[in-house]
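Notes to accompany the following structure.
In my numbering, the protein residues as written are 261 to 347.
And the structure:
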């Protein structure tokens, strides 16, 4: 498939969604999950910046971002505890 066909199909789907309307609940859930995942990535980034001074590092991957994003600071604290006491 050429890129022009793929782009035209995507644009067509967007136009159809604009006229018909997207289902509200799934889109709201996907939006909230994306925001929480982004917050989790930011938590991990800033922890790695400040924790690097003390020799602490938590890798930023999908699992750690989901844990710290959905559980918040408690999730980040649990990842730190796992890093300190288990690994």
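Note that CB positions come from ideal geometry on N, CA and C, so glycine has one too. The structure displayed is predicted, hence computed values, not measured ones.
Length of the line joining the Cα atoms of residue 309 and residue 274: Whole-angstrom Cα-Cα distance: 39 Å.
Reduced DSSP category for residue 321 - H, G, I as helix; E, B as strand; rest coil: Residue 321 falls in the coil class under three-state DSSP.
In terms of alpha-carbon separation, which member of 299, 271, 291 lies closest to residue 331? Of the candidates 299, 271, 291, the one whose C-alpha sits nearest the C-alpha of residue 331 is 299.
Runs of beta strand (DSSP E) wholly within the segment 268-339 (minimum 3 residues, chain order): List check, beta strand (DSSP E) in window: nothing returned.
Quick check on residue 262: does DSSP put it in helix, strand or coil? In the three-state reduction of the DSSP assignment, residue 262 falls in the coil class, being assigned neither a helical nor a strand state.
Which class does residue 342 belong to by DSSP, given the choice of helix, strand or coil? Three-state DSSP puts residue 342 in a helix.
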